[in-house]
Amino acid sequence: MTRAIELSFLIWFGVCDKAWVTLAERLLIRNLERDFFRTPVLCFLSFLIPPFAKAGNLAIIPRCTCANSLKPTLVVMTQPWNLAQSNYSVVKDHHYEVAVLPFGATEPHNLHLPYSTDTLEATIIGEHICRAAHLKGAEVVLLPAIPYGTETNMREFPLAMNLNPSTMTMIVADLLETLVHNEIYKIVLLNSHGGNAFKPILRELSAESEAHLFLCDWYQTIDDIYYDIFDKGEDHAGEMETSFALAYFPDLVATDANGKLRADDGEVRASRFRALNEGWISITRPWHLLTKNSGAADPHWATAEKGVKLMDVLMDRLSEFLVELSQSQIDDEFPY
Ligand SMILES: [Zn+2]
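FYI, the numbering for the sequence shown is 564 to 899, going by the working numbering.
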């Protein structure tokens, strides 16, 4: 799209609050690095368009910097879909239908991924899907991630920081109550940690609360196309998680001097019981007996490209759900 056409669109959509916000966000963010909006004319125009200021999504602030002399600079001030990055002036006027609450963990991931892996995954996926949903019209807010999870089966590893399931229940219950007090009744738990068992929590809290709870264990949303993207199976710190890390937080992935991952092969031990190995009987697996260095899948097939493909699928599927959820009326038969 040429600059002239983009400018025309911006002015035209100035008459329509929602369309303006959506289009402006797309164009402004897309053009941030192109210097296009660093023009006094456009900054002046943006201040004249009331919905722009009212929505508070973005602000163009003329400011002087050493590098830019007197050129106005576009600054993305706040994003209403992201509570951690929003201020009160935005939130007090914004209506939210859906809240997304991410859950991570603090635990080892083989030798190469950071302890914050699950929390970063939950946060980054939350940011991508909520932003995409917002741009498609969803009234959604991403809450800050809870950085701890249930680690009772990792306790022999140093500083695997545990919250018992009973504590997790209380955390969810308290935050749920806060959301209901704020008249947000559609709540999505975005879980990144396999040790977090939310289903019993949903069963307990759904009976007590006006809110409708939805659980997304994001790593299960791609089961049907997993092997279209990846070569090896995933359990913990394997190809999928490492690909995600290489794509979205590569500076925290440890490699040796040759660029090879500083990780073992993620092989796990079999139990002495056939019933456990076959899955007929399950336990909470003691991770220090199961693994060599906490990794429970082969990470060496990981690439950043696979991580981006994973995110594309998650964004498509989960943002679509958030839009539908936001637009759906709660009635007696909800969600059917
Ligand atoms: Zn993980």
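Don't be surprised by glycine CBs; every beta carbon is placed ideally from N, CA and C.
* To do: For Trp850, count neighbouring C-beta atoms within 10 Å of its own C-beta (all shown protein chains included) and say buried if the count is 16 or more, exposed if not.
  => buried
* Asked: DSSP three-state call for Phe897: helix, strand or coil?
  -> coil
* Note down, in chain order, each residue of its chain lying with its Cβ closer than 7 Å to the Cβ of Glu690, except the 5 sequence neighbours on either side. => Asn645, Leu705
* To do: Kindly provide the ranges of any alpha helix (DSSP H) runs that are 4 or more residues long and lie completely inside the region 720–791, ordered along the chain.
  => 728–744, 762–769
* Along the alpha helix (DSSP H) that carries Leu873, what are the first and last residues, could you check? => 867–890
* Does Gln892 come within less than 8 Å of chain D when only Cβ atoms are used? -> Of the chains in the structure shown, none is chain D; there is only one protein chain.
* Based on the DSSP secondary-structure assignment, which residues constitute the bridge partners of Val703? -> Val661
* Asked: Is Phe666 helix, strand or coil when you go by DSSP?
  -> strand
* To do: Going by CA-CA distance only, name the one from Phe793, Glu802, Trp781 that's closest to Asp879.
  => Trp781
* Which listed residue (Trp864, Glu719, Val886, Lys749) has its alpha carbon closest to that of Ala808 -> Trp864
* Asked: Quick one: is Pro813 buried, meaning 16 or more other Cβ sit within 10 Å of its Cβ, or exposed?
  -> Label assigned to Pro813: exposed.
* Asked: Looking only at its own chain, which residues have a Cβ that is under 8 Å from the Cβ of Phe897, when we skip the five neighbours before and after it?
  -> His775, Ser891, listed in sequence order.
* Asked: Is Thr713 closer than 8 Å to Met733 when the C-beta atoms are compared?
  -> no
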